[in-house]
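For the record, in the sequence shown the residue sitting at position 120 is 217 according to the numbering used here, with numbers rising by one throughout. All C-beta atoms in this analysis are idealised placements derived from N, C-alpha and C, irrespective of residue type, glycine included. Take a look at the structure set out below.
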Amino acid sequence: MRIRAAVAAELPALQDIEIAAGLCFRDVGMPEIAGDEPLPVGELDAYRADGHAWVAVDADDRPGAYLIAKPVDGNLHVEQVSVHPDHARRGVGRALIDHAAEHAAEHGMPALTLTTFTEVPWNAPYYARIGFSVLDEADAGPGLRAVRVAEAAHGLDRWPRVCMIRLL
98 MRIRAAVAAE
108 LPALQDIEIA
118 AGLCFRDVGM
128 PEIAGDEPLP
138 VGELDAYRAD
148 GHAWVAVDAD
158 DRPGAYLIAK
168 PVDGNLHVEQ
178 VSVHPDHARR
188 GVGRALIDHA
198 AEHAAEHGMP
208 ALTLTTFTEV
218 PWNAPYYARI
228 GFSVLDEADA
238 GPGLRAVRVA
248 EAAHGLDRWP
258 RVCMIRLL
């Protein structure tokens, strides 16, 4: 799959990808995550307008995965990576992460950060395999701490979560 910037017309397709990707959480006892609403088109569009939304597209230029990010504490924070199950386990998520890392480095950002579930195989264990390490929340900057507060308010702390960092 090829990676390119997301365009406004395909934002509803990104919502569909997020819904399909989220269904896997049912298999690990997290049906609330599986049933969570996708990000609104307006929020996705804000990432797109800021130049921080990328899609992995097939030969017909249809998105099968996406990544959105934003600058947080001087780093590029990966807010969401969603891969449609039809494209999973093919390195698409890693390619999107690597693309975000290249973008961050080109813009003078020293690292990627993200927050994720510790006990979901395609979350923290996966990110550790592709170069992320656990960042103690005491070492997190104010922006990343604010991300964690917002996640807790959304109910995500019902399951163990962690901040991770990948130095560039």
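- If you check the CB distance, LEU209 and ALA198 come in under 8 Å.
- PRO239 carries a helical assignment under DSSP once its states are collapsed to helix, strand and coil.
- Separation of the CB atoms of TYR144 and ALA150 is rounded to 4 Å, and the pair is thereby assigned contact status at 8 Å.
- Nearest in C-alpha terms to ALA162, of all of HIS200, GLY205, GLN112 and GLU134, is GLN112.
- For ARG99, the number of other beta carbons within 10 angstroms of its own is below 16, and it is reported as exposed.
- In this structure, the straight-line span from the alpha carbon of MET206 to that of ILE262 is close to 12 Å.
- A residue is called buried once 16 or more other Cβ atoms fall within 10 Å of its Cβ, and GLU115 is buried on that count.
- Collapsing the DSSP output to three states places GLY228 in coil.
- Given a length threshold of 3 residues, each whole run of the beta strand (DSSP E) inside the segment 126–183 is given here in chain order: 150–154, 160–169 and 172–180.
- In the DSSP assignment, LEU264 is bridged to ALA208.
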